Amino acid sequence: MAEEGNSLRAIVAALAANLGIALSKFAAFLFTGSSALLAEAVHSVADTANQILLLVGGRRAQQRASQLHPFGYARFRYFYGFLVTLVIFLVGGVFALYEGYEKLHDPTPVEDPIWAFAVLGISVVLESFSLRTAVHEAQPSRRGAPWLRFIRTTRSPELPVVLAEDFGALTGLTFAFIGITLAVVTGDARWDAAGTLAIGVLLVVISITLSQRMRSLLIGESADNGTLLQIESAIEREPLIERMIHLRTMHLGPDQLLIAAKVAVRADETMSHVAAAINRAEARVREAVSYECFIFLEPDVFDQRLYESQEKPPGSSSREARPAWE
10 MAEEGNSLRA IVAALAANLG IALSKFAAFL FTGSSALLAE AVHSVADTAN
60 QILLLVGGRR AQQRASQLHP FGYARFRYFY GFLVTLVIFL VGGVFALYEG
110 YEKLHDPTPV EDPIWAFAVL GISVVLESFS LRTAVHEAQP SRRGAPWLRF
160 IRTTRSPELP VVLAEDFGAL TGLTFAFIGI TLAVVTGDAR WDAAGTLAIG
210 VLLVVISITL SQRMRSLLIG ESADNGTLLQ IESAIEREPL IERMIHLRTM
260 HLGPDQLLIA AKVAVRADET MSHVAAAINR AEARVREAVS YECFIFLEPD
310 VFDQRLYESQ EKPPGSSSRE ARPAWE
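Note that our numbering gives residue 217 to position 208 of the sequence shown, counting from 1, and the numbers run on in steps of one.
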């Protein structure tokens, strides 16, 4: 899938950038003793580990389906995306908060600040390159949607993680630059500690935001509204199908979709005609959507009284009852 290729390019670009940045920040910390630089160095190490986790998740998701996992292993991408949020929280955020707290109570002056500013400048350039790559690769999937909405609704776990990491990295570098500058100008090393604490809070917020998104994907999300309409329209174009009774969908992975629907057919249709109609409807669905689909269509005779007596849960799709989130 094109989106998977876009995600891979964004991950590799972020991995290369963060590895170089982490090494330069650790070197600068050794010369300056800045806690903000140390927090940023650990932040970059965490980001490097995150890209490796995303690559491992993508690799494991390509395993063939087995008897135990008949729908495949695509959800590994969601699982490893969730692991990334834990790394950001524990390795990045909690460490930065701890280091900032320690430096606030035992401040040490920033030495040789020229090293700090040089590394921060290099880091900004590399992180900007990584963010630019992630933005470019996300554009086809975003389809003009606002960035926050894209991160909150895309079914791909990698692009939101890389985008949030790169944005957080650039913001963290800003905090580090402000903290070190104020510490050098005022001679008060507590400004350096304040910058470190700000970086910690930033990473914790990013981790919580991403973890909520990954949790929802792990539980299982339906297709987006546009895809639901395409599926419904494709099925109802079959002449032997009178109407859609209900439709359920769930992403098994970013590129895989489980589709289960109950459709109404005339009571006097023969079994062979119904089976042929079901096959034609499934073929139309596969032509209409860009996902690998597992489709299960159940024919039934529509009974309006029975249908109205049953509670329609969110996600029961028909033109009379659209999902609650639209």
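All C-beta atoms in this analysis are idealised placements derived from N, C-alpha and C, irrespective of residue type, glycine included. All figures in this text were calculated on a predicted structure; none of them were measured in a lab.
Within 8 Å, strictly: CB atoms of residue i and residue j
i, j, result
"Val170", "Gly90", "yes"
"Leu226", "Arg152", "no"
"Glu241", "Leu261", "no"
"His52", "Ala105", "yes"
"Ile1", "Ala286", "In the structure as shown, the chain starts at 10 and stops at 335, and residue 1 therefore has no counterpart that could be examined."
"Leu3", "Ser132", "The structure shown does not extend to residue 3, since the chain is modelled only from 10 through 335, so no value can be given for it."
"Ala173", "Thr117", "no"
"Thr162", "Asp233", "yes"
"Ala297", "Gln239", "yes"
"Ala178", "Glu136", "yes"
"Arg86", "Ala74", "no"
"Ile254", "Cys302", "no"
"Ala55", "Val103", "no"
CA-to-CA distance, residue j to residue i, given in whole angstroms
i, j, result
"Phe176", "Thr218", "13 Å"
"Ala19", "Val93", "15 Å"
"Leu266", "Arg293", "15 Å"
"Asn288", "Leu237", "19 Å"
"Leu99", "Gln221", "16 Å"
"Ala185", "Glu49", "8 Å"
"Tyr107", "Gly188", "16 Å"
"Ile123", "Leu63", "35 Å"
"Ile208", "Asp201", "11 Å"
"Ser16", "His282", "43 Å"
"Arg331", "Ile61", "Low confidence applies to Arg331: its pLDDT is 38, below 50, so where it sits in the model is not reliable enough to give any reading."
"Ser139", "Ile244", "42 Å"
"Ile304", "Ala270", "8 Å"
"Ala11", "Ser299", "At Ala11 the pLDDT is 48, less than 50, meaning the model places this residue with poor confidence; the figure from the coordinates comes in the next sentence. Whole-angstrom Cα-Cα distance: 10 Å."
"Glu329", "Val144", "Model confidence at Glu329 stands at a pLDDT of 42, short of 50, so the residue's coordinates are unreliable; what they give is reported in the following sentence. The straight-line gap from Cα to Cα measures roughly 38 Å."
"Val156", "Gln76", "The residue you asked about is not Val; residue 156 is Trp in the sequence shown. About 39 Å."
"Leu6", "Asn59", "This structure does not reach residue 6, given that the chain is present from 10 up to 335, and the question cannot be answered."
"Val213", "Thr180", "13 Å"
"Ser327", "Ser150", "Below a pLDDT of 50, predicted positions are generally treated as unreliable, and Ser327, at 49, falls in that range; no measurement from the model is reported."
"Arg343", "Leu28", "One cannot answer for residue 343 here, as it falls past the ends of the chain, which runs 10 to 335."
"Pro166", "Thr142", "16 Å"
"Trp334", "Ala154", "In this prediction, Trp334 scores a pLDDT of 31, lower than 50, which makes its location untrustworthy; the coordinate-derived value is nonetheless stated afterwards. Cα-Cα distance, rounded: 17 Å."
"Gln72", "Glu291", "25 Å"
"Ala192", "Arg158", "38 Å"
"Glu278", "Arg68", "47 Å"
Reference residue i; option with closest CA among the options
i, options, result
"Val210", "Gly101, Pro248 and Arg69", "Gly101"
"Ile160", "Leu17, Met223 and Val21", "Met223"
"Gly204", "Thr190, Val214, Val21 and Ser216", "Thr190"
"Gly196", "Gln239, Glu120, Gly235 and Trp156", "Glu120"
"Thr57", "Ala25, Phe38 and Ile254", "Ala25"
"Ala22", "Ala290, Leu168 and Gly235", "Leu168"
"Gly130", "Ala37, Gln71, Arg252 and Arg69", "Ala37"
"Thr258", "Glu278, Arg252 and Ser231", "Ser231"
"Ala88", "Val103, Val65 and Ala74", "In the sequence under discussion, the amino acid at residue 88 is Phe, which differs from the Ala named in the question. The candidate whose alpha carbon is nearest that of Phe88 is Val65."
"Leu39", "Ala290, Arg158, Glu291 and Val128", "Val128"
Pairs of beta-carbons, one from the region 26–46 and one from the region 106–126, closer than 8 Å: are there three or more?
In the pairwise beta carbon analysis, the region 26–46 is classified as touching the region 106–126: at least three pairs are separated by under 8 Å.
Report yes or no: do the region 267–275 and the region 295–311 share at least 3 C-beta pairs separated by less than 8 Å?
At 8 Å Cβ cutoff, the stretches touch.
Taking only runs that begin and end inside the region 36–63, name each unbroken beta strand (DSSP E) of 3 or more residues, in chain order.
Complete beta strand (DSSP E) runs here, min 3: none at all.
Any chance the region 77–86 sits against the region 32–41, with 3 or more Cβ pairs inside 8 Å?
The region 77–86 makes no contact with the region 32–41: fewer than 3 CB pairs, one atom from each, lie closer than 8 Å.
In the region 215–294, which residue ranges form an unbroken alpha helix (DSSP H) of at least 4 residues, counting only runs that do not cross its ends?
Taken in chain order, the complete alpha helix (DSSP H) segments of 4 residues or longer contained in the region 215–294 are 234–245.
For the region 95–129, list the alpha helix (DSSP H) runs that are entirely contained and at least 4 residues long, ordered along the chain.
Runs of alpha helix (DSSP H) with 4 or more residues, each lying fully within the region 95–129, are found at 104–114, listed in chain order.
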